[in-house]
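These notes are about the structure you will find just below.
Laid out in structure tokens, this is it:
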């Protein structure tokens, strides 16, 4: 999935870089006894259910368990990523005015507050008090190389799969 790939890239870049980070991935895989899920959406549920002791997931999934006394979450000390979502308007779009209204709506303070409160999504605005999550300025972020991650995706996935097969 996209989030699992982002997590892989984040671990590589946060643990030595594009080449040296693979040593961390190999050690992590060994420590997991080869237990890799086919969907990152399952991980947080399996930790909460007690099937796994630890898991790597995205922020909004971890926040689902923020008030659960038997499960906790942390932001990695060695760094994580904050990969943005995007919204855009295609030049010459047939419904340009409606598209502008929609963009204004989803970036409005009211919508962003509700998105944070109800879905655990980090707002795109700076004028919103976030609930249940650390301030972005308090989280160590890796220098996420979007171009490299996109251009080398096939080779990166192949190398990851080679680790899982060995």
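Numbering (our numbering), first residue to last: 8 to 173.
Think of the CB as a built atom: it goes at the ideal place given N, C-alpha and C, for glycine as much as any other residue.
- The secondary-structure analysis by DSSP pairs residue 87 across a beta bridge with 148.
- Here residue 29 is buried: its Cβ has 16 or more other Cβ atoms, across all protein chains shown, within 10 Å.
- Rounded to the nearest whole angstrom, the CA to CA distance from residue 34 to residue 169 is 14 angstroms.
- Counting every other CB atom within 10 Å of its CB across the protein chains shown gives residue 115 a total below 16, marking it as exposed.
- At a Cβ-Cβ threshold of 7 angstroms, residue 100 and residue 78 do not count as neighbours.
- Ranking 50, 67, 71 by CA distance to the CA of residue 61 puts 50 first.
- Comparing C-alpha distances from residue 13 to each of 52, 137, 38, 86 shows the shortest one belongs to 86.
- In the DSSP annotation of this structure, the continuous segment of the alpha helix (DSSP H) that includes residue 69 starts and ends at 66-70.
- Taking C-beta separations shorter than 7 angstroms and ignoring five residues to either side along the sequence, the partners of residue 118 in its chain run 112, following chain order.
- The alpha helix (DSSP H) runs of length 4 or more contained entirely in the stretch 29-80 are, from start to end of the chain, 47-55, 66-70.
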